[in-house]
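**Student:**
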Amino acid sequence: MLCYDVKATMTRPIKELKGFEKVFIKQNETKTVSFNLGKEELGFYNAKGTFVVEKGKFKIYVGKDSLCEEFVEIEVI
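Take the position in the sequence shown, starting the count at 1, then add 3; the result is the number in this note's numbering.
1) Just the Cα atoms here: how many angstroms apart are Ile17 and Gly66?
2) Report the option in Phe74, Gly59 and Leu5 whose CA atom is closest to the CA atom of Phe23.
3) To the nearest angstrom, report how far apart Lys60 and Glu78 are at their CA atoms.
4) By the DSSP assignment, the beta strand (DSSP E) with Lys60 in it spans what residues?
5) Excluding five sequence neighbours on each side, which residues of the same chain lie with their C-beta closer than 7 Å to the C-beta of Lys34?
6) In the DSSP assignment, find the unbroken alpha helix (DSSP H) run with Glu44 in it and report its ends.
Take a look at the structure:
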């Protein structure tokens with residue numbers, strides 16, 4: 004799972020790895036994988052060393068690698 008803070012007040016990576024699970028899937032098989040998405044995954048330490056979670060939109064990507072382009076958008080209020 005990769006996260007991107009759309010309107011961060013500090014420069015942040017475009018896609019930050021926030022969770023992963025290695026899953027082996029046979030041809031034509033499907034599996035469900037779940038991730039928890041909380042303040043630890045959405046926040047960061049600012050220049051003063053304070054952990055913050057900024058309000059705003061985040062893009063959440065899930066795929067086989069970091070090149071995945073499909074995402075859902077969430078909003079922290």
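Each residue gets a CB set at the ideal place from its N, CA and C atoms; glycine is no exception.
**Tutor:** Taking the definition as stated:
1) Counting from 1 along the sequence shown, the entry for residue 17 is found at position 14. Counting from 1 along the sequence shown, the entry for residue 66 is found at position 63. C-alpha separation (whole angstroms): 15 Å.
2) Here the question's residue 23 lines up with position 20 in the sequence shown. The option with the nearest alpha carbon to Phe23 is Leu5.
3) In the sequence shown, counting from the first residue as 1, residue 60 sits at position 57. In the sequence shown, counting from the first residue as 1, residue 78 sits at position 75. Distance between the alpha carbons of Lys60 and Glu78: 4 Å.
4) Working through the sequence shown from its first residue, we reach residue 60 at position 57. Unbroken beta strand (DSSP E) run through Lys60: Gly59 to Tyr64.
5) The sequence position of residue 34 within the sequence shown is 31, counting from 1. Same-chain partners within the cutoff: Val26 and Ile28.
6) Position 41 of the sequence shown, counted from the first residue, corresponds to residue 44. Per DSSP, Glu44 belongs to the alpha helix (DSSP H) from Lys42 to Leu45.
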